[in-house]
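Right, one structure below, let's go through it.
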Amino acid sequence: MAIRAKLVIIVLVFAILPMFLLTARWKGTAEGTVALLLSRGLDNRAQEISQQIDRALDRHRTQMRQLTGRAPLLAYARNFASGGQAQPETQLRQELGAFLLTYHYTAIIWVNRSGLPIFRIESGQEPDGAIRAYFKNKDFAGEDALQDTELLSSAAPDTVLVSELITDADGPHVRLIAPLRDPAGQIVSALIAKLPADLLLTEAIGPRGPVITSPSARATTMWREVIVLDREGTILYSADKTKQGRSYREGFSAFAEAFAAILSGASNSSDRYRVFNEEWIIRSLKHQTSPQLSILVLERYSGAVEGLEWAGLTMFLLTFVLAIVATLLLYYFISGTTISIQRVTRGAKAIAAGNLDHQIKVKSNDETRVLADAFNRMAARLREMIAKEAEQKQFESFARLSAVLTHDLKNAILSLSLLVTNMERKFDRESFREDALRTLSESVDNLQNLVAKLSDPLAQTGGIKQAEDLSAIVEGVLARTAAQAGERYQIIKSLLPRLSAEVERKAIERVIENLIINALEAMPDGGTLRVTTRVENEEGIIAVADTGKGMTEEFMRNRLFHPFATTKKKGIGLGLYSCRDIVEKNGGRIEVSSKVNVGTEFRIILPLAPEPAKVREEQTAYA
Numbered sequence: 002m003a004i005r006a007k008l009v010i011i012v013l014v015f016a017i018l019p020m021f022l023l024t025a026r027w028k029g030t031a032e033g034t035v036a037l038l039l040s041r042g043l044d045n046r047a048q049e050i051s052q053q054i055d056r057a058l059d060r061h062r063t064q065m066r067q068l069t070g071r072a073p074l075l076a077y078a079r080n081f082a083s084g085g086q087a088q089p090e091t092q093l094r095q096e097l098g099a100f101l102l103t104y105h106y107t108a109i110i111w112v113n114r115s116g117l118p119i120f121r122i123e124s125g126q127e128p129d130g131a132i133r134a135y136f137k138n139k140d141f142a143g144e145d146a147l148q149d150t151e152l153l154s155s156a157a158p159d160t161v162l163v164s165e166l167i168t169d170a171d172g173p174h175v176r177l178i179a180p181l182r183d184p185a186g187q188i189v190s191a192l193i194a195k196l197p198a199d200l201l202l203t204e205a206i207g208p209r210g211p212v213i214t215s216p217s218a219r220a221t222t223m224w225r226e227v228i229v230l231d232r233e234g235t236i237l238y239s240a241d242k243t244k245q246g247r248s249y250r251e252g253f254s255a256f257a258e259a260f261a262a263i264l265s266g267a268s269n270s271s272d273r274y275r276v277f278n279e280e281w282i283i284r285s286l287k288h289q290t291s292p293q294l295s296i297l298v299l300e301r302y303s304g305a306v307e308g309l310e311w312a313g314l315t316m317f318l319l320t321f322v323l324a325i326v327a328t329l330l331l332y333y334f335i336s337g338t339t340i341s342i343q344r345v346t347r348g349a350k351a352i353a354a355g356n357l358d359h360q361i362k363v364k365s366n367d368e369t370r371v372l373a374d375a376f377n378r379m380a381a382r383l384r385e386m387i388a389k390e391a392e393q394k395q396f397e398s399f400a401r402l403s404a405v406l407t408h409d410l411k412n413a414i415l416s417l418s419l420l421v422t423n424m425e426r427k428f429d430r431e432s433f434r435e436d437a438l439r440t441l442s443e444s445v446d447n448l449q450n451l452v453a454k455l456s457d458p459l460a461q462t463g464g465i466k467q468a469e470d471l472s473a474i475v476e477g478v479l480a481r482t483a484a485q486a487g488e489r490y491q492i493i494k495s496l497l498p499r500l501s502a503e504v505e506r507k508a509i510e511r512v513i514e515n516l517i518i519n520a521l522e523a524m525p526d527g528g529t530l531r532v533t534t535r536v537e538n539e540e541g542i543i544a545v546a547d548t549g550k551g552m553t554e555e556f557m558r559n560r561l562f563h564p565f566a567t568t569k570k571k572g573i574g575l576g577l578y579s580c581r582d583i584v585e586k587n588g589g590r591i592e593v594s595s596k597v598n599v600g601t602e603f604r605i606i607l608p609l610a611p612e613p614a615k616v617r618e619e620q621t622a623y624a
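Each residue of the sequence shown is one higher than the last, beginning at 2 in the numbering used here.
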């Protein structure tokens, strides 16, 4: 697969696809959060209404206690307790009538200790439209009697009792019962005020909101509807007053199934219901003081998330457009880079194959241009070196010289071939490009040195010996050879922090490079290359081991280290011969151990340079 296709797939999988997933996740999370917030808001509203009902009842209790403390009412209560006249005086009637009209009670009833009504004052409408208070004697309906007289006997002093919700001829209401006592503290009668449920709930809920109608009327925007039902499902409160007093199945037929599930305790866990082809969130609460009251608060969920749906769609489309633009731009830029890499790769292969006249032409100004120029310079150097080779008549043997040159060039070209092999697959990595440029630079330097030697064959061939860090030399050679070998080789290195010896650096580098390349070639199907440096018997050792096919005892005894002796099909047989010569000139020696089909280990043994005692002890301990 081409590098641009790989990069496009990587961007799609690890950048663009996660963007779409995050957009979808955001939309789902946002909708869930809105639903949760709406549910909590509806719960808070239901709790608030329940608390407001309790506060309204407390206000009416206070009003009743204030009423029972007025002089006309106390005088009548004492007279009634002593067996006096049961008919209230005009002043008491006026006092009770004013209280009735002021606080909008349906009726006020005076009952005796047995709960039987004595008289009743109720509100009514005059022909002129005014509201008046009317007095009635005992001949009114018996439903005004107090059935549960135990409430009176158990009532504490200055206590106003509240009954459960009652529905009679006066409509649904709660009764506020204020016991009246004689001077001895005995309850002799009670005053009952009928508080209409609509009045109580209006005080608790507040002004009525818009009425829910069909969606076609577009009246279901986003407001909340509050509905209060009694135990039988009768509507006690609704924004639409015309529905009060009717069953919820009749007044809210579209919500009948949802309300039935809620009242039966079988509501779903999400509190969402499909009504009017839209989703609604409905929350319910039983009033603690009057459990027969069910407070329902509902809100249109679809209206709350309409904006989120548009936002989600907009984000999805924007993400899609940006993804397309980003992919096209990436493909455009990568295509140029890929074409340059392909040209460099083809050119490097051509040079490695021996076509030194090949010129790599790259139009871009990025790293591939630098790499192409390096290959072109290398090819030019190689052409110059080969051209001058013909002029080296002063060497003793042209064939031997050609063999030596070919061997060194083969090692350099093999190192570059390993680099080229991995270039298309790893060139997008910054670290690989840095290593590649460094390897090319070092290869060019080595070739320049080789060209310099060929240009002046009579010059001194020996270099200057000085104290060098053998571990650092090994590290550098590994970086430009084995590090480019690919993933089929496992490279294991164990190098002392510092291992100093007086050697000719470039020559020792050639020896180590030759041994590493031989080890890699001995493992054509892959294997393990192990390179170590250590100290034994006051000598520095560089060991290069492979897991290749190995050598026979006969070959090592009779042919190894001899010129033109090799086990390779295309080998020249001068590599190890030259290596032994170089190591011996640096005062060392080469040892080898090998087993067929197991592997081979070469050891370069060199005398150590004088080091401080502390450093020598650390090296020995590390070894």
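C-beta atoms are modelled at their ideal positions from N, C-alpha and C, and glycine is treated no differently. Please read all numbers here as calculations on a predicted model, not as lab measurements.
Residue nearest to residue i in terms of C-alpha spacing, selected from the options
{"i": "Asp199", "options": "Pro525, Arg531, Ala191, Pro208", "result": "Pro208"}
{"i": "Glu49", "options": "Val161, Ala205, Pro180, Thr160", "result": "Ala205"}
{"i": "Arg225", "options": "Asp44, Glu602, Cys580, Ala520", "result": "Asp44"}
{"i": "Ala483", "options": "Val597, Leu75, Glu514, Gln467", "result": "Glu514"}
{"i": "Leu93", "options": "Pro73, Thr320, Arg382, Arg62", "result": "Pro73"}
{"i": "Ser444", "options": "Val536, Arg378, Arg66, Ser115", "result": "Arg378"}
{"i": "Ser83", "options": "Pro184, Glu488, Phe277", "result": "Pro184"}
{"i": "His105", "options": "Gly116, Met65, Asn138, Thr69", "result": "Met65"}
{"i": "Lys364", "options": "Asp358, Ala388, Glu554, Thr338", "result": "Thr338"}
{"i": "Gly33", "options": "Cys580, Glu165, Asp272, Ile167", "result": "Asp272"}
{"i": "Ala78", "options": "Ile188, Ala99, Phe100, Met20", "result": "Ile188"}
DSSP three-state assignment for residue i, whether helix, strand or coil
{"i": "Tyr106", "result": "coil"}
{"i": "Asp199", "result": "helix"}
{"i": "Arg209", "result": "coil"}
{"i": "His174", "result": "strand"}
{"i": "Ser239", "result": "coil"}
{"i": "Val298", "result": "strand"}
{"i": "Gly551", "result": "coil"}
{"i": "Glu488", "result": "coil"}
{"i": "Arg275", "result": "strand"}
{"i": "Ile361", "result": "coil"}
{"i": "Ala614", "result": "Only weak support is given to the placement of Ala614: the predicted model assigns it a pLDDT of 46, under 50, and the question is left unresolved by the model."}
{"i": "Asp457", "result": "Because the pLDDT at Asp457 is just 49, under 50, the model does not fix this residue reliably, and the point stays unresolved."}
{"i": "Arg247", "result": "coil"}
{"i": "Ser341", "result": "helix"}
{"i": "Thr221", "result": "Annotation note: pLDDT 41 at Thr221 (below 50); position unreliable, coordinate value reported separately. Correct three-state label for Thr221: coil."}
{"i": "Arg284", "result": "strand"}
{"i": "Ser40", "result": "helix"}
{"i": "Ser291", "result": "coil"}
{"i": "Phe399", "result": "Because the pLDDT at Phe399 is just 42, under 50, the model does not fix this residue reliably, and the value given afterwards should be weighed accordingly. Three-state result, Phe399: helix."}
{"i": "Gly266", "result": "coil"}
Short CB-CB distance (under 7 Å) between residue i and chain C
{"i": "Ile236", "result": "The displayed structure is made up of one protein chain only, and chain C is not part of it."}
Proximity of residue i and residue j at Cβ, strictly below 7 Å
{"i": "Asp1", "j": "Thr107", "result": "The chain is shown from 2 up to 624; residue 1 falls before or after that span and cannot be answered."}
{"i": "Thr290", "j": "Asp55", "result": "yes"}
{"i": "Val298", "j": "Arg71", "result": "no"}
{"i": "Ile335", "j": "Val345", "result": "no"}
{"i": "Val163", "j": "Leu58", "result": "yes"}
{"i": "Val161", "j": "Arg62", "result": "yes"}
{"i": "Lys466", "j": "Val504", "result": "yes"}
{"i": "Glu585", "j": "Arg604", "result": "no"}
{"i": "Gln293", "j": "Asp231", "result": "yes"}
{"i": "Trp248", "j": "Gly234", "result": "According to the sequence as given, residue 248 is Ser; it is not Trp. Contact: yes."}
{"i": "Trp111", "j": "Leu192", "result": "yes"}
{"i": "Ile282", "j": "Ala259", "result": "no"}
{"i": "Leu286", "j": "Ser51", "result": "yes"}
{"i": "Thr369", "j": "Ile352", "result": "no"}
Cβ neighbours of residue i in the same chain (closer than 8 Å, five flanking residues each side left out)
{"i": "Tyr490", "result": "Ala483, Leu521, Met524, Gly527, Gly528, Thr529, Leu530"}
{"i": "Asn598", "result": "Lys550, Gly551"}
{"i": "Thr534", "result": "Leu471, Ser472, Val475, Ser495, Leu496, Leu497, Leu500, Gly541, Ile542, Ile543, Ala544"}
{"i": "Leu264", "result": "Leu230, Gly234, Ser285, Ser295"}
Contact set for residue i: own chain, Cβ-Cβ below 7 Å, skip 5 residues either direction
{"i": "Ala87", "result": "Phe81, Ile119"}
{"i": "Asn113", "result": "Ile119, Ser190"}
{"i": "Gln245", "result": "Asp199, Ile236, Leu237, Tyr238, Ser239"}
Other residues of its chain near residue i: CB distance less than 6 Å, five sequence neighbours each side excluded
{"i": "Ile606", "result": "Glu540, Ile542, Gly589, Arg590"}
{"i": "Phe317", "result": "Thr24"}
{"i": "Leu372", "result": "Val345"}
Runs of alpha helix (DSSP H) lying entirely within the segment 487–552, each at least 4 residues, in chain order: 506–522
Inside the segment 63–128 only - beta strand (DSSP E) runs reaching at least 3 residues: 108–113, 118–126
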